[in-house]
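Engineer:
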Amino acid sequence: MAINTLQYSQQFQTVLDAQLLAGATSAFMEANAGQVKYDGGDTVYIPEINMQGLAKYDRDEGFNQGSVTLKFNPYKMTQDRGRTFQLDSMDVNETNFVSTAGTVMGEFQRTQVIPEIDAYRYSKVAALATAENKVTTGFTPAVATILEKLEAEITEIQDVVGEEEGLIIVMSTKLRTILNNADKFNRYLNVAEFKNGAVNTTVKAFNDIPILGVPSARMKTAYVFNDGKTANQKEGGFKVDTGAKDINWIIMPQRAPVAVSKTDKVRVFTPELNQKADAWKIDYRKYHDLWIPKNRFAAIRVNTGA
Numbered sequence: 063m064a065i066n067t068l069q070y071s072q073q074f075q076t077v078l079d080a081q082l083l084a085g086a087t088s089a090f091m092e093a094n095a096g097q098v099k100y101d102g103g104d105t106v107y108i109p110e111i112n113m114q115g116l117a118k119y120d121r122d123e124g125f126n127q128g129s130v131t132l133k134f135n136p137y138k139m140t141q142d143r144g145r146t147f148q149l150d151s152m153d154v155n156e157t158n159f160v161s162t163a164g165t166v167m168g169e170f171q172r173t174q175v176i177p178e179i180d181a182y183r184y185s186k187v188a189a190l191a192t193a194e195n196k197v198t199t200g201f202t203p204a205v206a207t208i209l210e211k212l213e214a215e216i217t218e219i220q221d222v223v224g225e226e227e228g229l230i231i232v233m234s235t236k237l238r239t240i241l242n243n244a245d246k247f248n249r250y251l252n253v254a255e256f257k258n259g260a261v262n263t264t265v266k267a268f269n270d271i272p273i274l275g276v277p278s279a280r281m282k283t284a285y286v287f288n289d290g291k292t293a294n295q296k297e298g299g300f301k302v303d304t305g306a307k308d309i310n311w312i313i314m315p316q317r318a319p320v321a322v323s324k325t326d327k328v329r330v331f332t333p334e335l336n337q338k339a340d341a342w343k344i345d346y347r348k349y350h351d352l353w354i355p356k357n358r359f360a361a362i363r364v365n366t367g368a
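Every position in the sequence shown, counted from 1, becomes a number in the working numbering once 62 is added.
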């Protein structure tokens, strides 16, 4: 089988027949990358501060000594992903714009990279929350129960951190439909401005907490990220792990998840520079990961299905 399969035609349009997919929904997490200390390599350092509370002031002895600790905790980058493609020089000439390097890689990023990044990040949040006992499992949402459950979990968070913390609800799109049909939901419904990466949008909100809808295929607790070499993994990309559960929703502060991308690089080599073939060679690499500092789990709840 050929490395690339391109259909030829005497006439063609210049607009690619692109798949219709949701864009990146987790871009807001990258805005938190400025919180970390990064000097290169595979380790990111996230600061943590701990201090003691007030003590009694003594008019003879003065202040009781307190302590404050600022340390940078190391976190390892684990997701080093990439692909290389070749487009025969004759293919590029015959199919013109549709198979140019920029168009092909733009479609690759949109249909392959973005869904994988979203899926990894949400599953990682679920895994970290599970380790900190911040997950409700076995909940099957229904019109009669979803509103009460969602409100209860928000209240648990706000009872600890207050109502000023900027929360976000990341919810499976399928569940959002159930929520819309819940009794009395309109009483809590409003709209809110939400900044997702570089994009400002208006979304539905629950008591002023933005609800970010995510395709359900990206909202699972575990995935297999194919290595591209092993049998049954040569297609690359990702798939749902056999033991995965549905993630109904994630409630968390917008500043809690720290998503870092070291590289998001595309390299294009012309047929003249490509030593292996008379073809355009295109390399794509993305090195990334996500973490949540330990002190922020008090404000996080993940709800999963059975």
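From the three backbone atoms N, C-alpha and C, an ideal C-beta is built for every residue, glycine too.
For residue 311, count neighbouring Cβ atoms within 10 angstroms of its own Cβ and tell me buried if that reaches 16, exposed if not.
Structural biologist: Buried is the call here.
Engineer: Please determine, among 350, 364, 343 and 352, the residue with the shortest C-alpha to C-alpha distance to residue 153.
Structural biologist: The option with the nearest alpha carbon to residue 153 is 343.
Engineer: What is the residue span of the beta strand (DSSP E) that residue 186 lies within?
Structural biologist: No beta strand (DSSP E) contains residue 186, which is instead part of the alpha helix (DSSP H) from 176 to 193.
Engineer: The beta strand (DSSP E) spanning residue 312 covers which residue range?
Structural biologist: 309 to 315 is the span of the beta strand (DSSP E), which, as asked, contains residue 312.
Engineer: Tell me which same chain residues have a C-beta within less than 7 Å of the C-beta of residue 242, skipping the five on either side of it?
Structural biologist: Excluding sequence neighbours, residue 242 sits near nothing in its chain.
Engineer: Drop a sphere of 10 angstroms on the beta-carbon of residue 88, count the other beta-carbons inside from all chains shown, and report buried for 16 or more, exposed for fewer.
Structural biologist: Classification of residue 88: buried, given that the 10 Å Cβ count is 16 or more.
Engineer: Helix, strand or coil for residue 204, going by three-state DSSP, please let me know.
Structural biologist: Residue 204: coil per DSSP, three-state reduction.
Engineer: Out of 237, 175, 191 and 222, which has the shortest C-alpha to C-alpha gap to residue 204?
Structural biologist: Residue 237 is the option with its Cα nearest to residue 204.
Engineer: Can you tell which of 282, 191, 135 and 258 has the C-alpha that lies nearest to the C-alpha of residue 272?
Structural biologist: Cα-wise, what sits closest to residue 272 is 258.
Engineer: By DSSP, does residue 151 sit in helix, in strand, or in coil?
Structural biologist: Three-state result, residue 151: helix.
Engineer: Quick one: what does DSSP say residue 278 is sitting in, helix, strand or coil?
Structural biologist: Helix, per DSSP.
Engineer: According to DSSP, is residue 224 part of a helix, a strand, or is it coil?
Structural biologist: Note: residue 224 maps to coil in three-state DSSP.
Engineer: Closest by CA to residue 97, which one among 197, 175, 177 and 320?
Structural biologist: The option with the nearest alpha carbon to residue 97 is 320.
Engineer: Can you grab the Cα-Cα spacing for the pair residue 118 / residue 129, in whole Å?
Structural biologist: So the alpha carbons of these two residues sit roughly 15 Å apart.
Engineer: For a test of the three-state rule: what should DSSP assign to residue 337, helix, strand or coil?
Structural biologist: Coil.
Engineer: Within its chain, find whatever has a CB closer than 6 Å to the CB of residue 200; leave out the 5 residues flanking it on each side and keep chain order.
Structural biologist: Hits under 6 Å: 368.
Engineer: The alpha helix (DSSP H) spanning residue 242 covers which residue range?
Structural biologist: First-last of the alpha helix (DSSP H) with residue 242: 235 to 242.
Engineer: Give me the Cα-Cα distance between residue 188 and residue 150, rounded to the nearest whole angstrom.
Structural biologist: Residue 188 and residue 150: Cα-Cα distance of roughly 43 Å.
Engineer: Taking CB distances under 8 Å as the criterion, tell me whether residue 320 reaches chain D.
Structural biologist: This model lacks chain D altogether, as it is built from one protein chain only.
Engineer: Closest by CA to residue 308, which one among 227, 277, 291 and 335?
Structural biologist: When each option's Cα is compared against that of residue 308, the closest is 277.
Engineer: Quick one: using the 10 Å Cβ neighbour count with 16 as the cut-off for buried, is residue 178 buried or exposed?
Structural biologist: Answer is buried; the Cβ neighbour count reaches 16.
Engineer: Answer with buried or exposed for residue 111, where buried requires no fewer than 16 other C-beta atoms within 10 angstroms of its C-beta.
Structural biologist: Residue 111 is exposed by the Cβ-count criterion.
Engineer: DSSP three-state label for residue 132, please.
Structural biologist: Here residue 132 sits in strand by DSSP.
Engineer: Given this structure, state the Cα-to-Cα distance separating residue 134 from residue 100, to the nearest angstrom.
Structural biologist: C-alpha separation (whole angstroms): 11 Å.
Engineer: Between the Cα of residue 302 and the Cα atoms of 184, 314 and 284, which residue gives the shortest distance?
Structural biologist: Here the closest residue by C-alpha is 284.
Engineer: Under three-state DSSP, which class holds residue 95?
Structural biologist: If DSSP states are grouped into helix, strand and coil, residue 95 belongs with the helices.
Engineer: If you measure between the beta carbons of residue 351 and residue 139, is that distance less than 8 Å?
Structural biologist: Yes; because the gap between Cβ atoms is below 8 Å, this pair is in contact.
Engineer: For the alpha helix (DSSP H) holding residue 170, just list the boundary residues, first then last.
Structural biologist: Here the alpha helix (DSSP H) through residue 170 covers 163 to 170.
Engineer: For residue 194 versus residue 359, is the C-beta spacing smaller than 8 Å?
Structural biologist: Closer than 8 Å, so yes.
Engineer: Rounded to whole angstroms, what's the CA-CA distance from residue 197 to residue 333? Just pull it up for me.
Structural biologist: The straight-line gap from Cα to Cα measures roughly 52 Å.
Engineer: Please check the pair residue 232 and residue 184, which I expect to be a contact at CB under 8 Å, by giving their CB distance rounded to whole angstroms.
Structural biologist: Right, the Cβ-Cβ distance comes to about 7 Å (below 8 Å), so this counts as a contact.
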